[in-house]
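Residue numbers (our numbering): 66 to 740.
Each residue gets a CB set at the ideal place from its N, CA and C atoms; glycine is no exception.
Worksheet: one structure, shown below.
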Ligand code: NAI
């Protein structure tokens, strides 16, 4: 094979005169589409068009990805709609050059193929992807407050049809290669060892390019688009408000207006994204992306002793799901409980999770094989990490850890999933209290990305770092926090949930309270959230944080009556098929604002306190932790960013007014003075 090198791409031609173009972005762990990498690609494609090979195959030299998307750093430097349009047009032009090549073009995909990378792949004639759960394709641009803009809105719909194509772009979800092949978005999903054969086959056969079914093409017609657009808007509105998240609405509008007309849609796609980039939501969502990267960095500790075997004690809601998630991510897990039924239930839930996430039978079986029921606790002696997730009771936990330290390996990391007990109170039974760290997962484990890494005053830094590295290795976002009542997430949530109860006492309906919070941008209202968490758990956590006397009576009464929330079918709401039965509400703008202030100010006040008391190290970790741990309206960029954007003085003045009206629940924390 002859090769010629560019800075970011290797171009070679094999004996069959097939050109192989390998993307290997200089000085980067992953490939992204930036001005530099796109300019070089444009040059290469021009060169290939002048001296045509038999076919072109695009691959990646990076271990875990094909192309992860556009370069987001570059995105942050965009200052004007003109700059945005330039970047978009560059991407559109390169994809067009690729599509125009009169030879078979193939994207040979492994790992992540997302955003701009997927758009590039869609501009190829064929997509062959690795049949492995690690290979994922998708267009997640909405998560950054934009939509695809390198021609992807046009090509995705041509290939997948409007139903699936719009769904993928509106949700930002990705598909594993096998599902993508079923949907026709990739032409073939094969094991990597069959890549060469598959490539040769497509070059030889040159089948027609994949196109959506006739029925789907009908849906793309001028007559059908407005109808489907209405349905899509309704669906989007259930999840995201237009004023908070304009991108999905712009995408629907773009398609409704121009779907089926390539040229017009390319132009409108560029205009629409140039506009979205200038919207504050996009800036804040890009910031959230960096907050997420910042949290990921907390888990990337290179010299942390690796963890291969995890022993979980307590196979209840949390322990069972932590064990399943850990096994899903490739670790050996032993799961101990004194109640065999808990283990059986946990294994059943694990199987459902594996099937949902892995889809491939042998991968599901392999994950099940990694998860071992262990009623006698034999795994304890050999495990690198022991996670305790038994009842929330200090004495029970202390006596368990006394036993654990006798049997565990001397190097094993000892962790507790306690949600409210100070780490030091548990650790004091240990010969070496510095060994214990909190690994506080949230419910449901498979959905909630955040894990608080809780350090007591004696927890050794290397122990906390190892725990954070473990969380990172199982694809969770670790946020290091100082041990104190409620840590970060529960401490901030409790006053917010309690305030909802006061609002109800004052005569607001629970539906009104939740509606106001949704309009603020929270993913779920506080009343429903309390029901989902479980009122018994809320009661315990709140009394640990605030003291028992500060927990509103209505919560105690409901717990005494076994009205525990969603899990018991009744809490504040009544539940039918796991969904709360809600009355319609109609609120004026002023009422909404008033309820929002009452709910959000205690939340913000507590966030300020956590920052001031050093519960987390800095604003970024606080904003990231609370977006990923409590769902704080992501389009705002997080609570501290929100305070800065709204003006700390203005919010502080409101707090002081509320303090006069409602008492010390609103007493501003001294930290406001430092903002
Ligand atoms: P759970 O009641 O569902 O499960 C506890 C399990 O521990 C039961 O299966 C029980 O049989 C077992 N167990 C109790 N003592 C044991 C012992 N000595 N040896 C072996 N197994 C024993 O409780 P859940 O909700 O899973 O909570 C566990 C821990 O996780 C608690 O510390 C809780 O505060 C914390 N947590 C709970 C969250 C939630 O939403 N449920 C969220 C985050 C943390």
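Within the same chain, Cβ atoms closer than 6 Å to the Cβ of residue 218 are found at 334, the five residues on either side in sequence being excluded. Taking 9 Å as the cut-off, the beta carbon of residue 375 is found closer than this to the beta carbon of residue 450. In this structure, residue 444 has its CB at a distance of at least 8 Å from all heavy atoms of ligand 1. Contact annotation, residue 454 with residue 378: C-beta distance approximately 7 Å; criterion of less than 8 Å satisfied. Just so you know, the alpha carbons of residue 112 and residue 100 end up roughly 18 Å apart. Taking 3 residues as the shortest admissible run, the region 556-605 contains no complete beta strand (DSSP E) segment at all. Residue environment for residue 709: exposed (fewer than 16 other C-beta atoms within 10 angstroms of its C-beta). In this structure, the alpha-carbon of residue 170 lies about 15 Å from that of residue 125. In this structure, the beta-carbon distance from residue 195 to residue 176 falls below 9 Å. Contact between residue 192 and residue 122 is ruled out by a C-beta separation of about 11 Å, above the 8 Å threshold.
Around the CB of residue 646, fewer than 16 other CB atoms lie within 10 Å, so the residue is classed as exposed. Sorting 488, 729 and 423 by C-alpha distance to the C-alpha of residue 521 places 488 at the top. Secondary structure remark: continuous beta strand (DSSP E) runs of at least 3 residues inside the region 126-208, in chain order: 130-132, 170-174, 177-179, 191-195 and 201-203.
Residue 730 and residue 394 have their alpha carbons spaced roughly 42 Å apart. For the beta strand (DSSP E) assignment, the region 606-652 encloses no uninterrupted run of at least 3 residues. Residue 470 places its beta carbon 9 Å or farther from that of residue 441.
For residue 505, the Cβ falls inside the 8 Å cut-off from some heavy atom of ligand 1. Distances taken from the Cβ of residue 402 to the heavy atoms of ligand 1 include one shorter than 8 Å. Taken atom to atom, the span from the alpha-carbon of residue 264 to that of residue 174 is near 11 Å. If the five residues before and after residue 634 are omitted, its C-beta is found closer than 7 Å to the C-beta atoms of 640, all from its own chain and listed in chain order. The criterion of a C-beta distance shorter than 9 Å is not satisfied by residue 530 and residue 337.
In the three-state reduction of the DSSP assignment, residue 418 falls in the helix class, which pools H, G and I.
Judged by DSSP secondary structure, residue 85 falls within the beta strand (DSSP E) whose first and last residues are 83-88. The DSSP assignment places complete alpha helix (DSSP H) segments of no fewer than 4 residues inside the region 266-335 at 279-284, 290-304 and 311-323, in order along the chain. Residue pairing by DSSP places residue 75 opposite 70 and 87 in a beta bridge.
If you check the C-beta of residue 502 against ligand 1, you find no heavy atom less than 8 Å away. An exposed status is given to residue 651, since fewer than 16 other beta-carbon atoms sit within 10 Å of its beta-carbon. DSSP places residue 519 inside the beta strand (DSSP E), whose first and last residues are 515-520. Counting C-beta pairs with one atom in each stretch, the region 677-695 and the region 553-567 have three or more that are closer than 8 Å, which means they touch. A distance of 9 Å or more separates the beta carbons of residue 206 and residue 324. Within the region 208-271, the alpha helix (DSSP H) runs of at least 4 residues that lie entirely inside it are, in chain order, 217-236, 242-247 and 260-270.
Taking C-beta atoms as the reference points, residue 615 and residue 666 fail to come closer than 9 Å. Residue 649 and residue 236 have their C-alpha atoms roughly 26 Å apart.
When beta bridges are read from the DSSP output, residue 360 appears opposite no residue. Setting aside the 5 residues that flank it on each side, residue 583 is surrounded in the same chain by 590, each with a C-beta closer than 7 Å to its C-beta; the list follows chain order.
Taking the C-beta atoms as reference points, residue 543 is found nearer than 9 Å to residue 537.
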